[in-house]
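Throughout, the numbering used here is defined as the position within the sequence shown, counted from one, plus 3.
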Amino acid sequence: MARNGNSGAPELMVLMRSTASSDEVDHIVGLIQESGAGAHVDQSGEATVIGVIGQRAQIAALPFESLPGVERVVPLRKGFKWVSREYLDRDTVIDICGRKVGGRHFAMMAGPCAVESYEQTLQAAKDVKAAGGTLLRGGAFKPRSSPYAFQGLGVRGLEILSAVGQETGLPVATELMDARDLEPVLEHIDLIWIGARNMANFNLLSELGRVRKPVMLKRGMSATVEELLMAAEYVAKEGNEDIILCERGIRTFERSTRFTLDLSAVPVLKRETHLPVLVDPSHGTGKNFMVTPLARAGVAVGADGLIVEVHDQPEHALSDGAQALTLDQYEQLVTEVRTIHEVISPVSV
Ligand code: PEP
Ligand code: MN
Numbered sequence: 004m005a006r007n008g009n010s011g012a013p014e015l016m017v018l019m020r021s022t023a024s025s026d027e028v029d030h031i032v033g034l035i036q037e038s039g040a041g042a043h044v045d046q047s048g049e050a051t052v053i054g055v056i057g058q059r060a061q062i063a064a065l066p067f068e069s070l071p072g073v074e075r076v077v078p079l080r081k082g083f084k085w086v087s088r089e090y091l092d093r094d095t096v097i098d099i100c101g102r103k104v105g106g107r108h109f110a111m112m113a114g115p116c117a118v119e120s121y122e123q124t125l126q127a128a129k130d131v132k133a134a135g136g137t138l139l140r141g142g143a144f145k146p147r148s149s150p151y152a153f154q155g156l157g158v159r160g161l162e163i164l165s166a167v168g169q170e171t172g173l174p175v176a177t178e179l180m181d182a183r184d185l186e187p188v189l190e191h192i193d194l195i196w197i198g199a200r201n202m203a204n205f206n207l208l209s210e211l212g213r214v215r216k217p218v219m220l221k222r223g224m225s226a227t228v229e230e231l232l233m234a235a236e237y238v239a240k241e242g243n244e245d246i247i248l249c250e251r252g253i254r255t256f257e258r259s260t261r262f263t264l265d266l267s268a269v270p271v272l273k274r275e276t277h278l279p280v281l282v283d284p285s286h287g288t289g290k291n292f293m294v295t296p297l298a299r300a301g302v303a304v305g306a307d308g309l310i311v312e313v314h315d316q317p318e319h320a321l322s323d324g325a326q327a328l329t330l331d332q333y334e335q336l337v338t339e340v341r342t343i344h345e346v347i348s349p350v351s352v
């Protein structure tokens, strides 16, 4: 759905008949524009959808229902518009350097919590690739609870990721915490993620809406599903609709896990939005022995992919060693997850 940044959002959806001609579509777009409203045409689904952007009162006066080619007119009532399935009822497929995510394309993103060195990142990337992973993750800017803990290698970490990505052929993903780091991140990275702690950093979200790079939004640890969708709307509103959502656990009273992985969010999200949804069983549990069981569950509940932390020597990891999988464990996870995915969504992984 190519469009330039737009200051508004569709308030009304005109669903055309599947037999509608392009002249009929053009006629309606012309009427909308004459009225001073904006039109957004989407032809990615079976029938053309025209989103009408403008004040509700102004739009309501237009006689869409009686125009040739129109199937029905639906007011969009939810706060999130561009990302809603109410508006676009199809699966968004995002292309990250040739690796597709969404629809029936399952993403296997994995790698270390943090980029610690070239050697460690290369080893993790080779392991991830050999096991069947499709994307490499690694934090260069780390949001740590303690200001004294390892904060990541910064721009050097981005350079390492980029070099390792080139060497292994895996697209690379990293977290952006600060808009001031956007330029080097854009230069070196294929998928930018916003971490849980910044999910509601609305200026940062808007900034990412104006770049041409896929974005993954991790759910804030105290954010509702609707707040996650509204965060995605901030990005989409500016024109970037290559957005992946990620459930990574929320804060509850339960202390036996680091967070409570809210797997019920997955079917809710799949119902509400056309964007792909990933599950992070690593941060969601914080414990090595729980990562594989929750990964299996994430796939079974309908996720479009997983993001998993893998380290060649978890006992020496500079962050999140307790939840990192070894290569052998990750290989086993991929095998199991593929089997489950094929059962519930037969075609490609
Ligand atoms: C991460 O994926 O490296 C991370 C810090 O996750 P979250 O933002 O979900 O805590
Ligand atoms: Mn981590």
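Note that beta-carbon positions come from the ideal geometry of N, C-alpha and C, so glycine has one too. Just so we're clear, the structure is a prediction, and the values are computed from it rather than from any experiment.
| Item | Value |
| --- | --- |
| Quick check on the contact list: which residues have their beta carbon closer than 5 Å to a heavy atom of the ligand MN? | Cys116, Asp323 |
| Taking only heavy atoms of the ligand PEP into account, decide whether any of them is closer than 7 Å to the Cβ of histidine 314. | no |
| So who's on the other strand from glycine 11, going by DSSP bridges? | Answer is none; glycine 11 lacks a bridge partner. |
| So, does the segment 123-142 touch the segment 164-180, judging by three or more C-beta pairs under 8 Å? | yes |
| When the Cα atoms are used, what is the spatial distance from phenylalanine 67 to threonine 227? | 35 Å |
| Taking all protein chains shown into account, do 16 or more other C-beta atoms lie within 10 angstroms of the C-beta of alanine 5, making it buried, or fewer, making it exposed? | Legend: pLDDT at alanine 5 = 41, less than 50; position of this residue unreliable, no value from coordinates given. |
| Identify which residue in Gly33, Ser267, Ser149 has its Cα closest to the Cα of alanine 303. | Ser267 |
| Measuring from the CB of glycine 114, is there a heavy atom of the ligand GDP at a distance below 7 Å? | Only the ligand PEP and the ligand MN can be found as ligands here, which leaves the ligand GDP out of the picture. |
| Assess contact between the segment 17-28 and the segment 68-78, defined as three or more Cβ pairs (one per stretch) separated by less than 8 Å. Is contact present? | yes |
| Based on DSSP bridge pairs, tell me the residues matched to asparagine 308. | One point to set straight first is that residue 308 is glycine, not asparagine, in the sequence displayed. In the DSSP output, where bridge partners are listed per residue, glycine 308 has Ala110, Leu281. |
| Among the residues of its own chain, which have a CB less than 7 Å from the CB of arginine 299, if the five just before and after it don't count? | Glu339, Val340, Ile343 |
| Rounded to a whole number of angstroms, what is the C-alpha to C-alpha distance between proline 362 and glycine 48? | For the chain, the structure presents residues 4 to 352; residue 362 sits outside this window and is missing. |
| Roughly how many angstroms separate the alpha carbons of serine 351 and methionine 112, rounded to a whole number? | Since pLDDT at serine 351 reaches only 45, below the 50 mark, its modelled position is unreliable, and no value is offered. |
| Using 8 Å as the threshold, is the segment 84-98 in touch with the segment 283-300, meaning 3 or more CB pairs across them? | no |
| Counting only runs of 3+ residues fully inside the segment 20-90, write out the beta strand (DSSP E) ranges in chain order. | 41-45, 52-56, 73-78 |
| Whole angstroms is fine: what's the gap from isoleucine 347's alpha carbon to threonine 95's? | 19 Å |
| Determine the contact status of glycine 39 and glycine 11, defining contact as a CB-CB distance below 8 Å. | no |
| Work out the CA separation of isoleucine 253 and serine 225 for me, nearest whole Å. | 6 Å |
| Just to confirm the assignment, what range does the alpha helix (DSSP H) spanning lysine 132 have? | 121-134 |
| On the three-state DSSP scale, how would you describe lysine 240? | helix |
| Pull up the CB-CB distance for glycine 223 and alanine 199, whole angstroms please, since I reckon it's below 8 Å. | 5 Å |
| Looking only at DSSP bridge pairs, what is aspartate 193 linked to? | Bridge partners of aspartate 193: none, in fact. |
| Taking 7 Å as the cut-off, is the beta-carbon of arginine 251 closer than that to any non-hydrogen atom of the ligand PEP? | yes |
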